[in-house]
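Report on one structure; see the data block that follows.
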Amino acid sequence: MKNLTIRNLSKTYFDPYAGTNVTAVHDVSLDVRQGEFVSIVGPSGCGKTTILNMIAGFIPHTGGEILLDGRPVKGPGADRGVVFQSFALFPWRTVLENVAFGPKMRGVGKAEREKIAYEYLALAKLTEAAGRYPAELSGGMQQRVGVVRALANEPDVLLMDEPFASVDAQTRMTLQEELTRIWQEKRPTVIFITHDVGEAVFLGNRVVALSKGRVLEEIAIDLPRPRSWDALNDDPRFKELSGRVLQLVRSA
Amino acid sequence: MMQHRLSSALWFCAPFAVLIVLWAVLIPYFNFNPRLFPLASSVIQAGIEGILDGTLIHHIGASLLRVAVGTSLALLVAIPLGIAMGVSPVVSAFLTPLFRFFSVLAGIAWIPIATLWFGYGFGAITFVIFNAVFFIVTYNTLLGVSTIPLHVRNAAASLGAGRWAMLTEVLLPGALPNIVTGIRTGLGFAWRGLIAAEMIATNVGLGYMLFVARDFYRTEVIVLGMIVIGVLWLLLDRLLLAPLERATIERWGMVQRA
Ligand SMILES: Nc1ncnc2c1ncn2[C@@H]1O[C@H](COP(=O)(O)OP(=O)(O)OP(=O)(O)O)[C@@H](O)[C@H]1O
Ligand SMILES: [Mg+2]
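If you're matching them up, the sequences are chains A and B in order.
Going by my numbering, the first sequence runs without a break in its numbering and finishes at 512.
Going by my numbering, the second sequence runs without a break in its numbering and finishes at 259.
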């Protein structure tokens, strides 16, 4: 089992302007089992991106440890796929080539990796857009590409940092529903970061509430799947769970 | 599309056509001294002669060869160097002023020292072209690499890109818009520098052809040379560089369509 174990993780930045150290993440511990969907929710500046960047290996941590499948994380790697808030697609590559990028890096031949890419593009209803360049797509479509590009590489863990924050509300709901559907089909391990409580509850099996760099509480989300906004909008259990998380986040 | 291209090409040529007509009409009309400015017909005559006896082709060939060699050598060094410099923010910040300085100097200012170092001939002129292209392209490459968003590089890394793939799949294409712009500007300087250098430092080439014609009051050869220089540059720019820019950069949406 490819589990992710985070123990006593902390991060202290040096702020060159103030000349002082800023501790953005304090003593965070978290276990994520294979196939789980964990949402991390918290207000702006509480250290979400910092945690995700450390798991992705983009920045070093200053304390504790991050173990994937028992091995410590050192730097970025294909075992941890990342979906960025700003999409971070390769503008010089077509949609198809963007999605085939991971398999290409693994040395998969052209025909085979395009087959993989088409399969994932179909999953996100993007088959039509395969030959286009990112600049020719809407924001919502770009982020679909971002999601399937990470998925097509079949990472052990998929890390998502507020991926739907920069699209309009309707598109966001569609993307959220698509993500739950894709998750059920492919069962990737996901860590999903957001400041939107409703989104965290809607998507996750578990919600981790974060404040000022510390974990407040973990809440299991026992809502049935498949999930859709039509069904959940007026669902009392959904409201109850969202209310609890919201209260947690706001009280801190 | 084809129609559009054709009509824009026609529009581009229209003012030149007017100019040529004015020239063909006005010079004979005012009975202008041909030792000061030639008749359109004698320029055409000179052009035909130059082509038939091979001298014009010879001069053009020599000039283009120098540009090709100087530019290729410059690109070969400038692009890898620019990328290597751009990857490290510290190195790039340190060297940027230097490359800006030399970018300004590009071209003609190098001619005197080039002739001292390389003597008269191919070496000196190629060196001038090399410098015109090298500094500007290095600077632009460096700029291009440092403008690639960090998250795009991070995305590549977390998709499994190693050092080599990062270079060929991210840094190079990411810097390409700037590189192409650099090549376009650099070649512009190189082309001017070439003509100037050829007037001084050689015995073949378009610049030389112009300069020697002056000694014999052959204004028709001078004007012919000027036309050839301008037309060659426009062809190079319109048929090679501009399409390159269009094909990549605009499609990628990395610069705004003008
Ligand atoms: N490179 C850095 N240098 C210094 N301080 C930093 C750096 N990056 C983040 N911080 C600080 O660390 C804290 C957490 O930042 P982080 O970006 O992780 O928050 P976040 O939860 O992702 O916020 P948001 O929801 O706004 O994206 C903030 O106080 C921020 O100012
Ligand atoms: Mg953030």
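Where is the CB? At the ideal position from N, CA and C, for every residue including glycine.
Is it the case that the CB of residue i approaches a heavy atom of ligand 3 more closely than 7 angstroms?
{"i": "A/Lys308", "result": "In the structure shown, ligand 3 is absent; the only ligands present are ligand 1 and ligand 2."}
Taking residue i as the query, report the chain B residues whose CB atoms sit under 9 angstroms from its CB, ordered along the chain.
{"i": "A/Gly337", "result": "Ala158, Ser159 and Gly161"}
{"i": "A/Asn413", "result": "Ser159, Leu160 and Gly161"}
What residues of chain A sit near residue i, judged by a beta carbon separation below 9 angstroms?
{"i": "B/Val181", "result": "In chain order: nothing, as chain A lies at least about 12 angstroms away."}
{"i": "B/Pro174", "result": "Phe350, Pro351, Trp352 and Arg353"}
{"i": "B/His152", "result": "Phe318, Val342, Phe344, Gln345, Ser346, Phe347 and Ala348"}
Quick one, are the C-beta atoms of residue i and residue j less than 8 angstroms apart?
{"i": "B/Ala69", "j": "B/Val134", "result": "no"}
{"i": "A/Val405", "j": "A/Leu349", "result": "yes"}
{"i": "A/Val550", "j": "A/Ile300", "result": "Shown here, chain A extends from 261 to 512; a query on residue 550 of chain A therefore has no answer."}
{"i": "A/Gln402", "j": "A/Pro394", "result": "yes"}
{"i": "A/Leu269", "j": "A/Met314", "result": "yes"}
{"i": "A/Gln345", "j": "A/Asp456", "result": "no"}
{"i": "B/Leu143", "j": "B/Gly87", "result": "yes"}
{"i": "B/Gly183", "j": "B/Ile137", "result": "yes"}
{"i": "B/Glu199", "j": "B/Gly208", "result": "yes"}
{"i": "A/Ala410", "j": "A/Val342", "result": "yes"}
{"i": "A/Glu414", "j": "A/Gln436", "result": "no"}
{"i": "B/Ser73", "j": "A/Ala338", "result": "no"}
{"i": "B/Ile58", "j": "B/Val229", "result": "no"}
{"i": "A/Leu501", "j": "A/Val461", "result": "yes"}
{"i": "A/Glu340", "j": "A/Asp416", "result": "For the sequence presented, residue 340 of chain A should be read as Arg rather than Glu. In contact: A/Arg340 and A/Asp416 (Cβ atoms closer than 8 angstroms)."}
{"i": "B/Gly145", "j": "B/Ala94", "result": "no"}
{"i": "B/Ala162", "j": "A/Met365", "result": "yes"}
{"i": "A/Pro303", "j": "A/Ser471", "result": "yes"}
{"i": "A/Leu328", "j": "A/Ile451", "result": "no"}
{"i": "B/Arg185", "j": "B/Leu242", "result": "yes"}
For residue i, I'd like the list of residues in its chain whose CB is within less than 6 angstroms of its CB, leaving aside the five on either flank, ordered along the chain.
{"i": "B/Trp111", "result": "Val129 and Asn132"}
{"i": "A/Arg353", "result": "none"}
{"i": "B/Arg258", "result": "Bear in mind that a pLDDT of 39 at B/Arg258, under 50, signals an unreliable position, so the model cannot answer this."}
{"i": "A/Arg392", "result": "Val355"}
{"i": "B/Gly83", "result": "Thr139, Thr142 and Leu143"}
{"i": "B/Arg6", "result": "none"}
{"i": "A/Asp275", "result": "Val282"}
{"i": "A/Gly400", "result": "Val427 and Thr431"}
Roughly how far, in whole angstroms, is the beta-carbon of residue i from the beta-carbon of residue j, given that I think they are within contact range, below 8 angstroms?
{"i": "A/Val408", "j": "A/Tyr380", "result": "4 angstroms"}
{"i": "A/Pro336", "j": "B/Asn155", "result": "6 angstroms"}
{"i": "B/Gly51", "j": "B/Leu188", "result": "With a Cβ gap of about 24 angstroms, B/Gly51 and B/Leu188 do not count as contacting."}
{"i": "A/Arg441", "j": "A/Pro486", "result": "6 angstroms"}
{"i": "A/Val288", "j": "A/Val427", "result": "So it is not a contact: roughly 28 angstroms between Cβ atoms."}
{"i": "B/Arg67", "j": "B/Thr127", "result": "5 angstroms"}
{"i": "B/Leu195", "j": "B/Ser89", "result": "The pair is not a contact, with the Cβ atoms about 34 angstroms apart (cut-off 8 angstroms)."}
{"i": "A/Ile326", "j": "A/Pro320", "result": "In fact, because the Cβ distance is near 10 angstroms, the residues do not count as touching under 8 angstroms."}
Excluding sequence positions up to five away, which residues of its chain have a Cβ less than 8 angstroms from the Cβ of residue i?
{"i": "A/Ala284", "result": "Lys271, Thr272, Tyr273, Gly307, Thr310 and Gly473"}
{"i": "A/Asp291", "result": "Asn263, Leu264, Thr265 and Ile266"}
{"i": "B/Leu245", "result": "Val181"}
{"i": "B/Pro29", "result": "Leu40"}
{"i": "A/Asn465", "result": "Glu296, Phe297, Val298, Ala480 and Ile481"}
{"i": "B/Phe100", "result": "Phe136, Thr139, Tyr140 and Leu143"}
{"i": "A/Met433", "result": "Trp489"}
What do you reckon, is the C-beta of residue i under 7 angstroms from a heavy atom of ligand 2?
{"i": "A/Glu422", "result": "yes"}
Can you name the residues of chain A whose CB is closer than 8 angstroms to the CB of residue i?
{"i": "B/Gly254", "result": "Pro351, Tyr393, Pro394, Ala395 and Glu396"}
With respect to 7 angstroms, is the separation between the Cβ of residue i and the closest non-hydrogen atom of ligand 1 below this value?
{"i": "A/Tyr273", "result": "yes"}
{"i": "B/Ser9", "result": "no"}
{"i": "A/Gly324", "result": "no"}
{"i": "A/Ser471", "result": "no"}
{"i": "A/Gly305", "result": "yes"}
{"i": "A/Ala348", "result": "no"}
{"i": "A/Ala360", "result": "no"}
{"i": "A/Val282", "result": "yes"}
{"i": "A/Gly302", "result": "yes"}
{"i": "A/His455", "result": "yes"}
Note down, in chain order, each residue of its chain lying with its Cβ closer than 7 angstroms to the Cβ of residue i, except the 5 sequence neighbours on either side.
{"i": "A/Lys334", "result": "Gly317"}
{"i": "A/Ala377", "result": "Leu356, Val359, Ala360 and Ala412"}
{"i": "B/Tyr121", "result": "Ala202 and Thr203"}
{"i": "B/Pro16", "result": "none"}
Strictly below 7 angstroms CB to CB, what residues from chain B border residue i?
{"i": "A/Phe361", "result": "Leu160"}
What residues of chain A sit near residue i, judged by a beta carbon separation below 7 angstroms?
{"i": "B/Ala166", "result": "Met365"}
For residue i, which residues in chain B fall below 8 angstroms Cβ to Cβ?
{"i": "A/Val342", "result": "Asn155, Ala156 and Ser159"}
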